[in-house]
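Counting in the working numbering, the sequence shown runs from 93 upward without gaps. Taking it in order: structure first as structure tokens, then the write-up.
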Amino acid sequence: MTSQTAATISDRRRVLLAKPRGYCAGVDRAVEAVEKALAQYGAPIYVRKQIVHNTYVVKTLETRGAIFVDETEEVPEGAIVVFSAHGVSPAVHAEAADRRLRTIDATCPLVTKVHNEARRFAAQDYDILLIGHEGHEEVEGTAGEAPDHVQLVDGLDNVANVTVRDPQKVVWLSQTTLSVDETNETVTRLKDRFPNLIDPPSDDICYATSNRQTAVKEIAAQSDLVIVVGSGNSSNSKRLVEVALDYGADAAYLVDDESFVQDSWLDGVTTVGVTSGASVPEILVDGVLRKLSAHGFSDVQEVESVQERMRFALPHELRKNLRA
Ligand code: 2E7
Ligand code: F3S
């Protein structure tokens, strides 16, 4: 290769950086809730489950004095516990009350909205088809609002197994972080079986999930490779990898941080798309961009598809004194 050809190729190397990406309003609020609790009451502050599904966020809060537990029974009586952004069922609230825990509920307000829908339809004796991923904390919390009325529909293959009491009285709800396209397909199949299936009063897939998918669609077709920054248990981040592949990226990978980016992925690549899930701090994206720059991808073009301005107020418990 002549030096001129090499220069031409390296000049063409670029990064398309999706916007919006990273923290959503619910994550911002939940992480700030733990930070404020630590500042206001001092360490330790207990947190039930990962406050958001990001390894770096959890580790950072741990170094500041947060203790992450799986269940409320691991929290000493009378201590302060924060409930994660993904929400909890009424049974978990009751357990915490039994143990006289002082609770700060960092459930995203858009998840609370889905809980309220579940309660309202259950009170009217509807069968509720909850589209979501089995075992995900958000699904457990929402289903726990009306366990006798909710059945989980996890993926298209599950549609055939659904049985309802009265096909005239069925509603679907969903997890907030699903693939928009796949959910539409699932609903279409459900409506083939239950033509009178009612839609949720407003979209359950949240603005942040849907905007990040729109943004990655815009860069995927032009990208040889898409790197999604996010942790392996982050539902919305994993969906971004799938959407990138569906919309024309030749390859797409989920990475926790730049150390996971393999040099071999960049062989023969001229355009790298980069985005991040809703639980991902920007510092992790910066690290990936630095690594790409070191490999000749220093031309970074941000592609903004939707403007976001959403903000949520902190949990109300942080506006009063929780001291015992
Ligand atoms: C809360 C909710 O923490 P995440 O990675 O969670 P998912 O649900 O995508 O695994 O992202 C932020 C977030 C998204 N949804 C937090 Cl209900
Ligand atoms: Fe809430 Fe959606 Fe974020 S449900 S926590 S705004 S990804």
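Glycine is no exception: its CB is placed at the ideal position from the N, C-alpha and C atoms.
| Does the beta carbon of Asn-328 fall short of 7 Å from some heavy atom of the ligand F3S? | Numbered from 1 along the sequence shown, position 236 holds the residue referred to as residue 328. Yes, the ligand F3S has a heavy atom inside 7 Å of this Cβ.
| Between Glu-169, Gly-379, Thr-255, which lies nearest to Phe-286 when the distance is taken from Cα to Cα? | Along the sequence shown, one-based indexing puts residue 286 at 194. Phe-286 has its Cα closest to that of Thr-255, out of Glu-169, Gly-379, Thr-255.
| query | Going along the chain, which residues put their C-beta within less than 6 Å of some heavy atom in the ligand F3S? | reply | Cys-116, Ala-117, Gly-118, Val-119, Ala-177, Cys-200, Leu-202, Val-203, Thr-268, Thr-269, Cys-298, Ala-300, Thr-301, Asn-328, Ala-370
| Close-in-space but distant-in-sequence residues of the same chain around Ser-397 (CB under 6 Å, 5 per side omitted) | The residue labelled residue 397 in the question sits at position 305 within the sequence shown. Taken in chain order, the residues that qualify are Thr-306, Ala-307, Glu-310.
| Backbone secondary structure at Tyr-138 - three-state DSSP | Within the sequence shown, the letter at position 46 stands for residue 138. If DSSP states are grouped into helix, strand and coil, Tyr-138 belongs with the strands.
| request: Pull up the distance between the alpha-carbon of Asp-273 and that of Thr-204, whole angstroms please. | output: As a first step, residue 273 must be located in the sequence shown, where it is residue number 181. As a first step, residue 204 must be located in the sequence shown, where it is residue number 112. The alpha-carbon atoms of Asp-273 and Thr-204 are separated by roughly 23 Å.
| Touch test, the region 246-254 against the region 279-293, Cβ-Cβ under 8 Å, three pairs minimum | yes
| said: Contact between the region 173-184 and the region 226-241 is defined here as three or more beta-carbon pairs at a separation below 8 Å; is this criterion met? | reply: yes
| Euclidean distance between Cα positions of Glu-226 and Asp-246 | Within the sequence shown, residue 226 is the residue found at index 134, counting from 1. Within the sequence shown, residue 246 is the residue found at index 154, counting from 1. Between Glu-226 and Asp-246, the C-alpha separation is close to 6 Å.
| message | Does Val-123 pass the burial test, meaning 16 or more other C-beta atoms within 10 Å, or should it be called exposed? | response | By one-based count along the sequence shown, residue 123 stands at place 31. Val-123 should be labelled buried.
| field | Val-173, DSSP secondary structure in three states | value | Within the sequence shown, numbered from 1, the residue matching residue 173 stands at position 81. In the structure shown, Val-173 sits in a strand (DSSP, three-state: E or B).
| Excluding five sequence neighbours on each side, which residues of the same chain lie with their C-beta closer than 8 Å to the C-beta of Asn-325? | Against the sequence shown, residue 325 aligns to sequence position 233. Contacts found: Gln-142, His-145.
| CA-to-CA distance, Ser-329 to Val-242, given in whole angstroms | The count along the sequence shown starts at 1 and reaches residue 242 at position 150. The count along the sequence shown starts at 1 and reaches residue 329 at position 237. The straight-line gap from Cα to Cα measures roughly 26 Å.
| query | By how many angstroms is the C-alpha of Asp-349 removed from the C-alpha of Pro-373? | reply | Position 281 of the sequence shown, counting from 1, holds the residue named residue 373. Position 257 of the sequence shown, counting from 1, holds the residue named residue 349. Cα to Cα, Pro-373 sits roughly 10 Å from Asp-349.
| task | Would you mind giving the Cβ-Cβ distance between Ala-177 and Gly-118, rounded to the nearest angstrom? I have them listed as a contact below 8 Å. | result | Position 85 of the sequence shown, counted from the start, is the residue given in the question as residue 177. Position 26 of the sequence shown, counted from the start, is the residue given in the question as residue 118. Ala-177 to Gly-118, Cβ: 5 Å. Contact.
| request: Work out the CA separation of Gly-134 and Ser-390 for me, nearest whole Å. | output: Reading the sequence shown from its first residue, position 298 is the one you call residue 390. Reading the sequence shown from its first residue, position 42 is the one you call residue 134. In a straight line, the C-alpha of Ser-390 is about 42 Å away from that of Gly-134.
| message | Between the alpha carbons of Ile-220 and Glu-127, how many angstroms are there, rounded? | response | Position 128 of the sequence shown, counting from 1, holds the residue named residue 220. Position 35 of the sequence shown, counting from 1, holds the residue named residue 127. Rounded to whole angstroms, Ile-220 to Glu-127 spans 36 Å at the Cα level.
| Do the region 337-345 and the region 376-388 make contact, defined as three or more Cβ pairs closer than 8 Å? | no
| Regarding His-145 and the ligand 2E7, is the C-beta to nearest heavy atom distance less than 7 Å? | Counted from its first residue, the sequence shown places residue 145 at position 53. The answer is yes for His-145.
| In terms of DSSP beta bridges, what is Ala-183 paired with? | Along the sequence shown, read from residue 1 onward, the residue named residue 183 stands at position 91. Answer by DSSP bridge pairing: none, since Ala-183 is not bridged.
| query | Just to check, is the beta-carbon of Gly-227 closer than 7 Å to a non-hydrogen atom of the ligand 2E7? | reply | The residue given as residue 227 occupies position 135 in the sequence shown. No - the ligand 2E7 has no heavy atom lying nearer than 7 Å to the Cβ of Gly-227.
| query | Hey, quick one: how far does the beta strand (DSSP E) through Ala-344 stretch, first residue to last? | reply | As a first step, residue 344 must be located in the sequence shown, where it is residue number 252. Counting along the chain, the beta strand (DSSP E) containing Ala-344 begins and ends at 343-347.
| task | Grab the span of the beta strand (DSSP E) containing Glu-396 for me, first residue to last. | result | In the sequence shown, the residue the question calls residue 396 occupies position 304. First-last of the beta strand (DSSP E) with Glu-396: 392-396.
| task | Locate the beta strand (DSSP E) running through Gly-157, then write down its first and last residues. | result | Locating residue 157 in the sequence shown gives position 65, where the first residue counts as 1. No beta strand (DSSP E) contains Gly-157, which DSSP labels as neither H nor E.
| field | Glu-396 CB to nearest heavy atom of the ligand 2E7 below 7 Å | value | Translated into positions along the sequence shown, residue 396 becomes position 304. No, since every heavy atom of the ligand 2E7 falls outside the 7 Å radius drawn around the Cβ of Glu-396.
| Since Gly-365 sits in a beta bridge, which residues does DSSP pair it with? | The count along the sequence shown starts at 1 and reaches residue 365 at position 273. Looking at the DSSP assignment, Gly-365 forms a beta bridge with Leu-108, Val-318.
| Between Ala-186 and Cys-200, what straight-line distance do the alpha-carbon atoms span, to the nearest angstrom? | Taking the sequence shown and counting its residues from 1, one reaches residue 186 at position 94. Taking the sequence shown and counting its residues from 1, one reaches residue 200 at position 108. If you take the alpha carbons of Ala-186 and Cys-200, they lie about 19 Å apart.
| Measuring from the CB of Gly-179, is there a heavy atom of the ligand 2E7 at a distance below 7 Å? | Along the sequence shown, one-based indexing puts residue 179 at 87. Flag set: Cβ of Gly-179 near the ligand 2E7.
| Integer-rounded CB distance, given that Ile-290 should sit under 8 Å from Val-318 | On the sequence shown, residue 318 is found 226 positions in, with the first residue counted as 1. On the sequence shown, residue 290 is found 198 positions in, with the first residue counted as 1. Not confirmed; about 36 Å, so no contact.
| request: Tell me whether Leu-376 sits in a helix, a strand or coil according to DSSP, three-state version. | output: Within the sequence shown, residue 376 is the residue found at index 284, counting from 1. The answer is helix: DSSP assigns Leu-376 an H, G or I state.
| request: Could you tell me how far apart the beta carbons of Leu-109 and Gln-393 are, in whole angstroms, since I believe they sit closer than 8 Å? | output: The count along the sequence shown starts at 1 and reaches residue 109 at position 17. The count along the sequence shown starts at 1 and reaches residue 393 at position 301. Right, the Cβ-Cβ distance comes to about 7 Å (below 8 Å), so this counts as a contact.
| task | Pull up the distance between the alpha-carbon of Ala-313 and that of Ala-336, whole angstroms please. | result | Numbered from 1 along the sequence shown, position 221 holds the residue referred to as residue 313. Numbered from 1 along the sequence shown, position 244 holds the residue referred to as residue 336. If I take the Cα positions, the gap works out to 8 Å.
| field | Selected residue, minimal CA-CA separation from Arg-304, among Glu-169, Glu-400, Arg-104 | value | Position 212 of the sequence shown, counting from 1, holds the residue named residue 304. For Arg-304, the nearest C-alpha among the options comes from Glu-400.
| Taking Cβ positions, are Thr-301 and Thr-280 nearer each other than 8 Å? | What you label residue 301 is simply residue 209 of the sequence shown in a count that begins at 1. What you label residue 280 is simply residue 188 of the sequence shown in a count that begins at 1. Contact flag unset, no.
| query | Quick one: is the Cβ of Asn-208 within less than 7 Å of any heavy atom of the ligand 2E7? | reply | Along the sequence shown, read from residue 1 onward, the residue named residue 208 stands at position 116. No; taking the cut-off as 7 Å, the Cβ of Asn-208 has no heavy atom of the ligand 2E7 nearer than that.
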